[in-house]
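Numbering (the working numbering), first residue to last: 802 to 936.
Even glycine gets a Cβ: it sits at the ideal position worked out from N, Cα and C.
Small disclaimer: the values here were computed from a predicted structure and weren't measured.
What follows is one structure encoded as structure tokens, with my remarks underneath.
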């Protein structure tokens with residue numbers, strides 16, 4: 802596969818000097834997560850990317866992490882991968898413990914945690930620590 806992209810650099814805002822694209826290669830049945838799995842591609846350079854498919858077969862309950870087969874569940878479910886499940890878990894716990902959600906997570910109609918607030922940040926750190934302790 803060969804692609805040539807016009808990134809329309811002249812349309813960029815001058816808030817950063819960085820330009821280019823963030824490339825994500827993902828399973829068509831999963832949501833892309835460029836912040837987690839993306840590759841930065843700079844303009845005016847040739848970039849080669851090699852892709853290898855890796856498949857993991859995780860053991861279901863009663864094993865420690867209680868994994869499940871995401872691809873066999875409902876098509877309309879938002880959790881299409883283990884990463885989606887982790888984000889969803891963090892979302893539920895931050896809402897439950899802190900009464901707010903991380904602004905980087907989907908948050909329609911919910912109070913967004915104030916990342917400048919010492920109280921919200923302490924709560925979010927505590928939430929992440931509690932999740933880490935469970936695993």
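- Partner residues in the beta bridge of residue 824, as assigned by DSSP, are 840.
- Of the residues assessed, residue 888 falls on the buried side of the cut-off, its CB having 16 or more other CB atoms within 10 angstroms.
- If you draw a straight line from the Cα of residue 851 to the Cα of residue 844, it comes to about 19 Å.
- Our two residues, residue 849 and residue 822, have alpha carbons roughly 14 Å apart in a direct line.
- By the CB criterion at 8 Å, residue 922 and residue 894 fall outside the cutoff.
- Between the C-alpha atoms of residue 853 and residue 863 there is a straight-line separation of about 31 Å.
- Residue 915 is classed as exposed because its beta carbon has fewer than 16 other beta carbons within 10 Å across all chains shown.
- Each residue's CA atom was taken as its position, placing residue 817 and residue 842 some 16 Å apart.
- Between residue 831 and residue 882, the CB-CB gap stays under 8 Å.
- With respect to the 8 Å criterion, residue 925 and residue 886 are not classified as neighbours on the basis of their beta carbons.
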